[in-house]
Amino acid sequence: MRFRRRILNPLTELTIAGLLVVLVLVVDDWRFSLAVLLLLVLPAAATSGRAVHIAVAFGVLAGPMLMFLLLLHGLFYPEGERVLLDLGPAAVTAEGLLFALEMGTRVAAFTGLLLTAALSLEVSELLETLTHRGWNRKLVYVLGSALGLAPLVADRAAQITRAQQARGLVVTRSPLSKLRALVMVGRPLIAGLLTDAADRSRTLDARGFAGTGPRTSYRADTDTAAQRAVRWGLLAVVVVFTSWWYVGRHT
Amino acid sequence: MISLELESFAYDDGAVLADIAFSLGAGERALVVGASGSGKSTLARVLAGQLDAGQGHRFVGTLSVAGEQLVFAGSGSDPRIDPAAWAQHVGYVGQRAHAHLSMVCASVAEEIAFGLANRGVPAERMHVLVDLAAARLGLTDLLERDPRRISGGELQRVAIAAAVVGNPAVLVLDEPFKGLDVAGRRDLESLLAALGESGTAILLFEPMLPRDAGPATRVLVLSGGSMVPVDQDVPGSDDLGRYGVGVEGVAANSAPLAHAVGEDRIPAIRIRDLSFGYGAEPVLSVADLAVSSGEAVAVLGPNGSGKSTLLQHLNGLLRPEAGRVQLYGEDLRGRPVGSLASTVGHLFQDTDQQLFEHTVLREVAYGPRAAGRSRKEAERCALQALAAVGLADAVHHHPHDLSFRDRRLVALASLMATGPRLWVLDEPTVGLDLRGREVLSGLLRRHIRDGGILMMATHDEVFAQAVCSRMFRLGAAAAAG
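As they're listed, the protein sequences go chains A and B.
With full-length UniProt numbering, letter number 218 in the first sequence gets 218, and the count goes up by one each step, no holes.
With full-length UniProt numbering, letter number 131 in the second sequence gets 131, and the count goes up by one each step, no holes.
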C-alpha cells in the first residue's frame, strides 16, 4: 500500500469522513449528497490506491440498496401524483423518482465516505497517532485488532476450506455450494480464532501490554499541530452548523 | 542465572511434572529432549513464567532468575509472576511463532519494539535496541516488511528478536528448528551461538536429539514429566531410546523395502511441462514426472524450492499455469478438489490448520461422510484408521488437547479413512518424536507394500531414504527433475 496518497493523518481523514456523514444526514438534500459523492468521495477513492477494492465493496454493499430504493419508490410511491408511466398496479411518478434520488444519493454518499475512509486507512499509523495522543492503550488495541482482523479471518477461513476440500468437501461454482462451504467453515473458524486469541492474550501479557505506565511509540508522530487544530475546528463548525440548521434557521 | 528445583507441577486437567532440578549459568546452553507428551512445553512455560495456560495449577518448588528466588508451596499465598517483568529476564518463544505476534504492527521493526514500547522505553533507545536485535538475527533487511506476510522461518527469527530485544539473561525456545531446512538451521544455530557468546543462557526444547548438539550443550532428558539421568558424555541412542527419544539422522526400521512397483500401462501420476508462480515470480517448473503404483517418491529441496507447491498440484489445491497434471490418465483440469479426496489423501505441513472438528472421531469421520457414506459406516472407517495409527482410545478427545505427535497421527488417520491410493504428505516428520516416526514409517511401508503410492516432501533425507524408493530433487540445480 506504499503507493497510496498520503496527505493527511488517518485520524484527520476519519474525522473528516465522520463529519461529512453527519452533514449529509443533516442537510438531507440530494444536490449536497451528490456534490459530496462526486467532488470528495470519488477523487479520494480514485487516489487511495485501493480504488478497485472500494468500488467492489461499494457495489456489494450499496448496490442492492440503491436498486431496491429505485424499484420501490420509483414504482410504488404512495403520494406520487405526476404519473410519468402508468403500469397498472404500479406507476412511475415524478415524486417517487425524486424521493428515490434523495434517499439514493444520501445512502451512496455515506456508504462511499465510510468505505473510502475504512478501506484506505493505514491502521498502524492510526494506532500510532492515538498512542501519541494518549488514548487508552487497550482501546487502541481493540480498535486495531478489530480493523486488522479481517485479512487474518479471511486467511484462516481459506485454510480451513482447503483442509475440508482435501478431505472431500466439493465446492462448485453454484451459489448453493458456496453457501454450504461458508456454513461448514463457520464453527471451526470461530473455535480456531478463540484458540489464537487465548494464545495471543498470554503473549500480550508477557510483552507488557497489560502494564499501566505510559507507553511510547516506535514510529515518529505523523500528526501535526495544524491537523489537530483542523480536526477540532471542523468538529466545532459542524456542531454550530447543525445547531443553526435545526434551530437558528427557522427563528 | 536461572535455576529450578521443581518438586511437582500439575494443571487442573492432570498434566504433570515432577522431580526436575537444574541450573544454568551465563552463556551456558542446555537442551531438553523428550518424547511428545513428556512435558517439554509445560516445563518451557513454567520457566517462561507463564504458569497458568488458561487453567488452574499447583506448583511446589523453587524458581530463581537473576538473583531473585521465588518459592512456591502449592498454596493460595504463592508468589504471582508478572509475565511482563519476568519476560525482561527470561525471553520465551513457543512452538507457534505466529501466536507471538501482536497482530497490530505494520512492520517487523514495530513488532520487535512492541514490548519496549509497552514499557515506555524512549523512541531513540528503542531504535538502537531494535537495530541491534535485528542485526543479531539477520533481520535488518526485513525491518520494514509486514510481519503478517513473511515466511515461517523469518517469523521464527522475528519472534526470537522480540524475545531478546530487551536483552534478557535467559532465552527459552520450544522447538525453534521445526520446519527449517539445512541452511535455516545453520543460520539459527550460529545466531544462538552468538547470543551465547554475549552471555545469554539458552534452553532449547526438542523431541529428538540433534547429532551435532556439540559438547558444550548440556542434555537434559525428560520422560513422563520427570528428568531422567543419562550419561552426559555419550548420550547414546540406546540409552535415550528407552525414554522414547531418538537421535536425528538415525532411521527407524531401516531394513530395506522391497518395492513391488506396478507395471502400469498408465502411470498413477503424470506431470508434464508444469509451471507455476505466485504473481510474476515463478516458483515451480517440472518438465516430466511419472510415478507408478507401489512407488514411494521423496520430494527434496531447500525451503522455498516449491515442494509444497508441487504436492498441492496433485489434488487440485493449486492449478498449473502451464502444463498438465494427470492422475491415472485423467487430467485434473476442471475436477473439484473435493471430488479427488478418495483418490488423493493430502497431509498438510501445518497439522493444526488441518484439524477442524471438535472430537477425534468426528475429525477422522469427516472424509468418509463427505464422500457420502452413512454416519455409521463413516465412523467404522474412522475407527479402523484410528486403530491403525494407535489412537483407538482417543476418539472422544478434542484434537487440540492431544500431544503434537498424536495430532499429526489424527491428521494422517483422517486422510486414511477415505482410503486413497495416493498419499501426499508435506513434511510429515517435522516435530515428530521417535515413537511418531516409528508409527509413521510402519504405516508408509504397509501402504506401499499394499500397492499404494507415496509422494512425500521432506528435509529429512535419512527418513526419506529409509522409506522411499526414489528421490526427486527441486531447487535451482534440478527443478526440471
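Here a beta-carbon is modelled for each residue, glycine too, at the ideal position from N, C-alpha and C.
Please read these numbers as outputs of a predicted model, since none were measured by experiment.
Requested in this report: Check A:Arg207 in the structure and name its three-state DSSP category.
Outcome: Position 207 of the first sequence, counting from 1, holds the residue named residue 207 of chain A. A:Arg207 falls in the coil class under three-state DSSP.
Query - Whole alpha helix (DSSP H) elements within the segment 275–318 of chain B, 4-residue minimum - result: As far as the segment 275–318 of chain B is concerned, its whole alpha helix (DSSP H) runs of at least 4 residues are 307–312.
Query raised in the report: Between B:Met103 and the rest of its own chain, which residues show a CB-CB distance below 8 Å, the 5 nearest in sequence each way excluded?
Result: Here residue 103 of chain B refers to the residue found at position 103 of the second sequence. Counting only residues of its own chain and dropping the five nearest sequence neighbours on each side, B:Met103 has a CB closer than 8 Å to the CB of Arg148.
**Report entry** Residue closest to B:Ser77, alpha-carbon to alpha-carbon, out of B:Val93, B:Glu68, B:Val60 and B:Gly67
**Finding:** The residue labelled residue 77 of chain B in the question sits at position 77 within the second sequence. If we check each option's Cα against that of B:Ser77, B:Val60 comes out closest.
Query raised in the report: Closer than 8 Å, Cβ to any Cβ of chain B: which residues of the segment 157–170 of chain A, in chain order?
Result: Within the segment 157–170 of chain A, the residues whose Cβ lies closer than 8 Å to any Cβ of chain B are, in chain order, Gln159, Ile160, Arg162, Ala163, Gln164, Gln165, Ala166, Arg167, Gly168, Leu169 and Val170.
Requested in this report: Could you work out which residues of chain C lie near B:Asn315, taking near to mean beta carbons separated by less than 9 Å?
Outcome: This model lacks chain C altogether; the protein chains it does include are A and B.
Requested in this report: With a cut-off of 8 Å on the beta carbons, I'd call B:Ser223 and B:Gly34 a contact; round off their distance for me.
Outcome: Along the second sequence, one-based indexing puts residue 223 of chain B at 223. Along the second sequence, one-based indexing puts residue 34 of chain B at 34. The distance from the Cβ of B:Ser223 to that of B:Gly34 is about 6 Å, consistent with a contact at the 8 Å cut-off.
Query raised in the report: Which first and last residues belong to the alpha helix (DSSP H) in which residue 265 of chain A is found?
Result: What the structure shows of chain A is the stretch from 1 to 251, and residue 265 of chain A is not part of that stretch, so it cannot be assessed.
Requested in this report: Would you be able to state if there are at least three C-beta pairs under 8 Å between the segment 103–120 of chain A and the segment 83–98 of chain B?
Outcome: A contact between stretches requires three or more CB pairs, one per stretch, nearer than 8 Å, and the segment 83–98 of chain B fails this requirement with the segment 103–120 of chain A.
Report task. Using a Cβ cut-off of 8 Å, pull out every chain A residue sitting near B:Val108, in sequence order please. Result -> Start at 1 with the first residue of the second sequence, and residue 108 of chain B comes out as number 108. By Cβ distance, chain A contributes nothing, its closest Cβ being about 11 Å from B:Val108, past 8 Å.
**Report entry** Pick from A:Ala158, A:Ala154, A:Ala57 and A:Thr129 that is closest to A:Ser217, judged by C-alpha positions
**Finding:** As a first step, residue 217 of chain A must be located in the first sequence, where it is residue number 217. The option with the nearest alpha carbon to A:Ser217 is A:Thr129.
Query - Delimiting residues of the beta strand (DSSP E) encompassing B:Val221 - result: Within the second sequence, the letter at position 221 stands for residue 221 of chain B. Note, B:Val221: beta strand (DSSP E), Thr217 to Ser223.
Requested in this report: Could you check how far apart the C-beta atoms of residue 504 of chain B and B:Val158 are, in whole angstroms? I think they sit under 8 Å.
Outcome: Look at the range of chain B in this structure, 1 to 481, and you will see that residue 504 of chain B is not part of it.
Query raised in the report: What residues of chain A sit near B:His400, judged by a beta carbon separation below 8 Å?
Result: Here residue 400 of chain B refers to the residue found at position 400 when the second sequence is read from its first residue. Ordered by position in chain A, the residues that pass the 8 Å Cβ test against B:His400 are Thr195.
Query raised in the report: Does the distance from the C-beta atom of B:Arg270 to that of B:Gln349 stay below 8 Å?
Result: Residue 270 of chain B sits at position 270 when you count from the first residue of the second sequence. Residue 349 of chain B sits at position 349 when you count from the first residue of the second sequence. At the C-beta level, B:Arg270 and B:Gln349 stay beyond 8 Å of one another.
Report task. Since I believe B:Leu137 is in contact with B:Leu191 (beta carbons under 8 Å), could you give me their beta-carbon distance rounded to a whole number of angstroms? Result -> The residue you call residue 191 of chain B lines up with position 191 of the second sequence. The residue you call residue 137 of chain B lines up with position 137 of the second sequence. Between the beta-carbon of B:Leu191 and that of B:Leu137 there is about 6 Å, and that keeps the pair under the 8 Å contact cut.
Requested in this report: Please decide whether A:Thr216 counts as near chain B, where near means a Cβ-Cβ distance under 8 Å.
Outcome: Locating residue 216 of chain A in the first sequence gives position 216, where the first residue counts as 1. Chain B, which has a Cβ nearer than 8 Å to the Cβ of A:Thr216, makes this yes.
Report task. Let me know the secondary structure DSSP gives B:His346 once reduced to three states. Result -> Residue 346 of chain B sits at position 346 when you count from the first residue of the second sequence. Three-state result, B:His346: strand.
Requested in this report: In the DSSP assignment, find the unbroken beta strand (DSSP E) run with A:Val83 in it and report its ends.
Outcome: Counting from one through the first sequence, the residue named residue 83 of chain A turns up at place 83. For A:Val83, the enclosing beta strand (DSSP E) covers residues Val83 to Leu87.
Query raised in the report: Using a C-beta cutoff of 8 Å, does B:Pro79 count as contacting chain A?
Result: Position 79 of the second sequence, counted from the start, is the residue given in the question as residue 79 of chain B. Taking Cβ atoms only, chain A never reaches closer than 8 Å to B:Pro79, which makes this a no.
Requested in this report: State yes or no: is the beta carbon of B:Asn118 nearer than 8 Å to at least one beta carbon in chain A?
Outcome: By one-based count along the second sequence, residue 118 of chain B stands at place 118. So yes, B:Asn118 belongs to the interface.
Requested in this report: Answer with yes or no whether the minimum CB distance from B:Gly334 to chain A is below 8 Å.
Outcome: Along the second sequence, one-based indexing puts residue 334 of chain B at 334. Taking Cβ atoms only, chain A never reaches closer than 8 Å to B:Gly334, which makes this a no.
Report task. Could you tell me the distance, in whole angstroms, from the CA atom of B:Ile448 to the CA atom of B:Ala268? Result -> The residue labelled residue 448 of chain B in the question sits at position 448 within the second sequence. The residue labelled residue 268 of chain B in the question sits at position 268 within the second sequence. Put simply, the backbone Cα of B:Ile448 is about 13 Å away from that of B:Ala268.
Query raised in the report: To the nearest angstrom, how far is it from the Cα of A:His73 to the Cα of A:Ala157?
Result: Locating residue 73 of chain A in the first sequence gives position 73, where the first residue counts as 1. Locating residue 157 of chain A in the first sequence gives position 157, where the first residue counts as 1. The alpha-carbon separation between A:His73 and A:Ala157 amounts to approximately 39 Å.
Query raised in the report: For the beta strand (DSSP E) that B:Val325 lies in, which residues bound it at each end?
Result: The residue you call residue 325 of chain B lines up with position 325 of the second sequence. Per DSSP, B:Val325 belongs to the beta strand (DSSP E) from Ala322 to Leu327.
Requested in this report: Over the uninterrupted beta strand (DSSP E) stretch that includes B:Val228, give me the two end residues.
Outcome: As a first step, residue 228 of chain B must be located in the second sequence, where it is residue number 228. Run containing B:Val228: Ser226 to Val228, per the beta strand (DSSP E) assignment.
Query raised in the report: In whole angstroms, what separates the C-alpha of B:Ala26 from that of B:Ile202?
Result: In the second sequence, residue 26 of chain B corresponds to position 26, counting from 1. In the second sequence, residue 202 of chain B corresponds to position 202, counting from 1. If you take the alpha carbons of B:Ala26 and B:Ile202, they lie about 9 Å apart.
Query raised in the report: Quick one, which of B:Arg407, B:Gly323, B:Glu363 and B:Phe463 has its alpha-carbon nearest A:Gly168's?
Result: Here residue 168 of chain A refers to the residue found at position 168 of the first sequence. Selection B:Arg407, B:Gly323, B:Glu363 and B:Phe463 evaluated against A:Gly168 yields B:Glu363 as nearest (Cα-Cα).
Report task. Find the residues of chain A that neighbour B:Met455, judging by a C-beta separation of less than 7 Å, and give them in chain order. Result -> Here residue 455 of chain B refers to the residue found at position 455 of the second sequence. For B:Met455, there are no neighbours in chain A by C-beta distance under 7 Å, as the nearest C-beta there is about 14 Å away.
Query raised in the report: Relative to the alpha-carbon of A:Pro78, which residue among A:Arg231, A:Val183, A:Trp135 and A:Phe99 has its alpha-carbon at the smallest distance?
Result: Locating residue 78 of chain A in the first sequence gives position 78, counting from the first residue. Of the candidates A:Arg231, A:Val183, A:Trp135 and A:Phe99, A:Phe99 places its Cα closest to the Cα of A:Pro78.
Requested in this report: Determine the DSSP secondary structure at B:Ala213, reduced to helix, strand or coil.
Outcome: Here the question's residue 213 of chain B lines up with position 213 in the second sequence. Coil, per DSSP.
Query - DSSP-derived helix/strand/coil call for B:Phe177 - result: Locating residue 177 of chain B in the second sequence gives position 177, counting from the first residue. Taken through DSSP and simplified to helix, strand or coil, B:Phe177 comes out as coil.
Query raised in the report: Can you name the start and end residues of the alpha helix (DSSP H) that A:Trp30 belongs to?
Result: Taking the first sequence and counting its residues from 1, one reaches residue 30 of chain A at position 30. Boundaries of the alpha helix (DSSP H) harbouring A:Trp30: Trp30 to Ala35, taken from the DSSP string.
Query raised in the report: So who's on the other strand from B:Arg270, going by DSSP bridges?
Result: Counted from its first residue, the second sequence places residue 270 of chain B at position 270. B:Arg270 is bridged by DSSP to B:Ala290 and B:Gln326.
Query - Where the alpha helix (DSSP H) through B:Tyr243 begins and ends - result: Against the second sequence, residue 243 of chain B aligns to sequence position 243. Neither: B:Tyr243 is in no alpha helix (DSSP H) and is coded neither H nor E.
Query raised in the report: What are the start and end residues of the beta strand (DSSP E) that includes B:Tyr92?
Result: Counting from one through the second sequence, the residue named residue 92 of chain B turns up at place 92. Where B:Tyr92 is concerned, the enclosing beta strand (DSSP E) stretches over Val90 to Val93.
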